[in-house]
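In full-length UniProt numbering, the protein residues as written are 1 to 167.
Quick reminder that beta carbons are idealized off the backbone N, C-alpha and C, glycines included.
These numbers were taken from a predicted model, which means no experiment stands behind them.
Taking it in order: structure first as structure tokens, then the write-up.
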């Protein structure tokens, strides 16, 4: 986990306030607006995290956080095709070391992190576009439709068509 002091960052506080306001308004398109605000919030947090990390990379905790941030950014940018081997090569680590490092610091495997990112991307497309589910499955990097549907159901407790029909 990374803890941010959002009260010290007015721009992030403003985004959080907008999300909370939309949540309690429960007006038409509120859930869609919240869904669209979340990537903005996370991007701003990553941006601010970079700033804070640049100020203090001397202790091992900061170094660990910095490495995890690099891993997360790499996954976010390349989730469609990334492998543990390619991530390790890009970051300059042995793949076994990187795998153990990720598991130790997140309690998730590399594959689980990649699949979480794929699920977030798929869900965003399902909720905000009319792109056919089969194309979304391919677009986010899955080749097995059955596995995608199973993972989607496990992640969101709904099937993609159920999510799309709710909007």
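Using only the alpha-carbon positions, how far apart do residue i and residue j sit?
i	j	result
residue 158	residue 152	7 Å
residue 160	residue 101	33 Å
residue 130	residue 24	27 Å
residue 144	residue 12	38 Å
residue 91	residue 121	23 Å
residue 8	residue 48	11 Å
residue 109	residue 99	7 Å
residue 163	residue 27	18 Å
residue 33	residue 45	18 Å
residue 138	residue 19	30 Å
Quick check on DSSP: helix, strand or coil for residue i?
i	result
residue 26	coil
residue 19	helix
residue 9	coil
How would you label residue i, buried or exposed, when you count the other beta carbons within 10 angstroms and need 16 or more for buried?
i	result
residue 17	exposed
residue 135	exposed
residue 29	exposed
residue 117	buried
residue 15	buried
residue 123	buried
residue 57	Because residue 57 carries a pLDDT of 47, less than 50, the predicted location of this residue cannot be relied on, and the following value inherits that uncertainty. The residue in question, residue 57, is exposed, as its Cβ has fewer than 16 Cβ neighbours within 10 Å.
residue 75	buried
residue 112	exposed
- Task: With a floor of 4 residues, list each alpha helix (DSSP H) that falls wholly inside the UniProt domain "HTH araC/xylS-type" (69-166), ordered by position along the chain.
- Result: Runs of the alpha helix (DSSP H) spanning 4 or more residues and lying entirely within the UniProt domain "HTH araC/xylS-type" (69-166) occur at 84-91, 95-106, 110-128, 133-139, 145-156, 160-166, in chain order.
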